[in-house]
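J.: My structure is below; once you've seen it, I'll send some questions.
Residue numbers (this note's numbering): 16 to 490.
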């Protein structure tokens, strides 16, 4: 009998099936005998293997449908260098880089695995993968840059997604995160351009730098993550399809540029407890037409909201003390700044309102602070209006704008088309707004609002001339 055939019969049990090849082996045997086919639909391994066998699988396979290791036990290894410079590895562990570049579409991993090493499947051809239920530790970049990977399941035993876990997996569309997950590492899903949605568990407490940057997310809602404290630098930056984002009130440790260059954003909710809006937070969100600043904000960082050229009005919280360089740069649609709640004039960096025609925007301030704003550079350029207007103009002779009540309906009339009419309460809250009406008469029903005194601001369409009225509605 030929020696090669004797080896197969005595030391390696092999059976050919319609689906591929099956083997029963002991540790180190595959690496020694080197009998795996380069191409197969399925290869099933049973028995025990070590790091040398796993390394051989990656080397030998050129094209494979499924690598089935469900019947395998991974034992400890100590020997010559294999894989990513491995000379020793523990039992139930996939060593670092051991399946890097694996040319298999599917893999079924041993149920006994507890550790997946750094870069274990980096640049493999896998289409999907489910990590076993006993896995507790997943190494950095374990599944990174897998061009075909579409679906990933992370077991409940994993509480931390490592850095760069799925970085560059452009085909990824579905990832199942465990309910007890606590941390999402830096660059964990950076560049996952096909990932349009993800459910982040309520248990998550931190999200790392660039965790979802350059991904395909179209919405992110973290409102249920009540324990989330930290969101890293550029966590969702350059997500060009991101339309809405909600951050929980608890996320007070915000990094720079969280939504940098998210040009599709139309709705965003910042943490209500935040005291700082970091630099570059919303820079480039040019489709965002409104922003509610958290009521406790003290500082707005450099270029924090630069380029938001669709915003027409903003309310500054009473706690605000400093606005850094270029924070509102490029707000070309700005027509109203409400500063009624301020008790001091915030200090400013350079070019806060760069690109804004401040002469066409009204700054509403407390009566007792009007003179201070008028005398302060970068504030004095606005058309400044007191929040408690004492005069009651019913007619503006130059632009021929009239305003008054017919019952509970405010009627604003002019001799030329109106660009907008905005109704405010006396404390500066916006109650109603009609924009781009294109008509010479605007009617606003005020029956839903309490009180008898209101402020109305009308802006003409032709020259954007603004006239402000304080009006009394009869009881």
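The beta-carbon is built from N, C-alpha and C at its ideal position, and this holds for glycine as well.
In the DSSP assignment, the beta strand (DSSP E) including residue 145 goes from what residue to what residue?
T.: It spans 143–145 - the beta strand (DSSP E) in which residue 145 sits, taken as one unbroken run.
J.: Pull up the distance between the alpha-carbon of residue 283 and that of residue 298, whole angstroms please.
T.: Whole-angstrom Cα-Cα distance: 13 Å.
J.: Roughly how many angstroms separate the alpha carbons of residue 50 and residue 73, rounded to a whole number?
T.: In a straight line, the C-alpha of residue 50 is about 13 Å away from that of residue 73.
J.: Determine, using beta-carbon pairs with one atom in the region 359–369 and one in the region 473–481, whether at least three such pairs fall under 8 Å.
T.: In short, these stretches do not touch, since the Cβ pair count stays below three.
J.: Under 6 Å Cβ to Cβ from residue 447, same chain only, skipping five residues before and after it: list those, please.
T.: Taken in chain order, the residues that qualify are 438, 459.
J.: Just tell me which of 280, 354, 308 has its CA closest to the CA of residue 290.
T.: Out of 280, 354, 308, 308 has the C-alpha closest to the C-alpha of residue 290.
J.: Can you grab the Cα-Cα spacing for the pair residue 336 / residue 355, in whole Å?
T.: The alpha-carbon atoms of residue 336 and residue 355 are separated by roughly 14 Å.
J.: Select from 156, 348, 246, 189 the residue whose C-alpha is nearest the C-alpha of residue 434.
T.: Of the candidates 156, 348, 246, 189, the one whose C-alpha sits nearest the C-alpha of residue 434 is 348.
J.: For residue 165, which three-state DSSP category applies?
T.: Residue 165: coil per DSSP, three-state reduction.
J.: For residue 393, which three-state DSSP category applies?
T.: If DSSP states are grouped into helix, strand and coil, residue 393 belongs with coil.
J.: Given that a residue counts as buried once 16 or more other Cβ atoms are within 10 Å of its Cβ, and exposed if not, what is residue 44?
T.: Buried, by the Cβ-count rule.
J.: Can you give the Cα-Cα distance for residue 472 and residue 287, rounded to whole angstroms?
T.: Rounded to the nearest angstrom, the two C-alpha atoms are 29 Å apart.
J.: Is it right to say residue 103 is buried, meaning 16 or more other beta carbons lie within 10 angstroms of its own, or is it exposed?
T.: Residue 103 should be labelled exposed.
J.: For residue 371, which residues of its own chain have a beta-carbon under 6 Å away from its beta-carbon, when the five flanking residues on both sides are left out?
T.: Same-chain partners within the cutoff: 346, 349.
J.: Hey, how far is the Cα of residue 174 from the Cα of residue 37?
T.: When rounded, the distance between both Cα atoms is 35 Å.
J.: Mind checking which residues open and close the alpha helix (DSSP H) that includes residue 434?
T.: No alpha helix (DSSP H) holds residue 434; the beta strand (DSSP E) holding it covers 433–439.
J.: Give the secondary structure of residue 468 by DSSP, where H, G and I count as helix, E and B as strand, and everything else as coil.
T.: Of the three classes helix, strand and coil, the one that applies to residue 468 here is strand, per DSSP.
J.: Check for me: the beta strand (DSSP E) holding residue 234 runs from which residue to which?
T.: Taken as a continuous stretch (DSSP letters only), the beta strand (DSSP E) holding residue 234 covers 234–236.
J.: In whole angstroms, what is the alpha-carbon distance linking residue 476 and residue 430?
T.: So the two alpha carbons sit approximately 11 Å from each other.
J.: Between residue 155 and residue 304, what straight-line distance do the alpha-carbon atoms span, to the nearest angstrom?
T.: Each residue's Cα considered, the two are about 39 Å apart.
J.: Going by DSSP, which residues form a beta bridge with residue 456?
T.: Answer is 428, bridged to residue 456.
J.: Output yes or no for whether 7 Å exceeds the beta carbon distance between residue 78 and residue 97.
T.: Not in contact: residue 78 and residue 97 (Cβ atoms no closer than 7 Å).
J.: Per DSSP, which residues does residue 474 bridge with? Please list them.
T.: For residue 474, which the question treats as bridged, DSSP gives the partners 435, 481.
J.: Between which two residues does the alpha helix (DSSP H) holding residue 47 run?
T.: Per DSSP, residue 47 belongs to the alpha helix (DSSP H) from 44–48.
J.: Compute the distance between the beta-carbons of residue 279 and residue 257, then report whether it is under 7 Å.
T.: Contact flag set, yes.
J.: With burial defined as no fewer than 16 other Cβ atoms inside 10 Å of the residue's Cβ, what is the status of residue 451: buried or exposed?
T.: It counts as exposed.
J.: Check residue 73 in the structure and name its three-state DSSP category.
T.: Residue 73: helix per DSSP, three-state reduction.
J.: Whole beta strand (DSSP E) runs in the region 358–389 with 3 or more residues, listed along the chain?
T.: Whole beta strand (DSSP E) segments, 3+ residues: 377–380.
J.: Given a cut-off of 7 Å on the beta-carbon distance, is the pair residue 202 and residue 182 in contact?
T.: Cβ atoms of residue 202 and residue 182: closer than 7 Å.
J.: So what does DSSP say about residue 264, is it helix, strand or coil?
T.: In the structure shown, residue 264 sits in coil (DSSP, three-state: anything other than H, G, I, E or B).
J.: Would you mind listing the beta strand (DSSP E) stretches within the region 70–117 that are 3+ residues and don't spill past its ends, in chain order?
T.: Fully enclosed beta strand (DSSP E) runs of 3 or longer: 78–89, 92–97, 101–104.
J.: So for residue 402, helix, strand or coil by DSSP?
T.: Because residue 402 sits at a pLDDT of 43, beneath the cut-off of 50, its placement in the model cannot be relied upon, and the following sentence gives the value as read from the coordinates. Residue 402 falls in the coil class under three-state DSSP.
J.: Excluding the 5 residues flanking residue 380 on each side, which residues of the same chain have their C-beta closer than 8 Å to its C-beta?
T.: For residue 380, where only same-chain residues beyond five positions count, the Cβ hits under 8 Å are 354, 355, 357, 388, 399, 400, 401, 402.
J.: Please state if the CB of residue 169 and the CB of residue 147 are separated by a distance shorter than 7 Å.
T.: Cβ distance not < 7 Å, so residue 147 and residue 169 don't count as in contact.
J.: Alpha carbon to alpha carbon, what distance is there between residue 195 and residue 242?
T.: Straight-line Cα distance between these residues: approximately 12 Å.
J.: Exposed or buried, what is residue 487 when buried is set at 16 or more other beta-carbons lying within 10 Å of its beta-carbon?
T.: Burial call: exposed.
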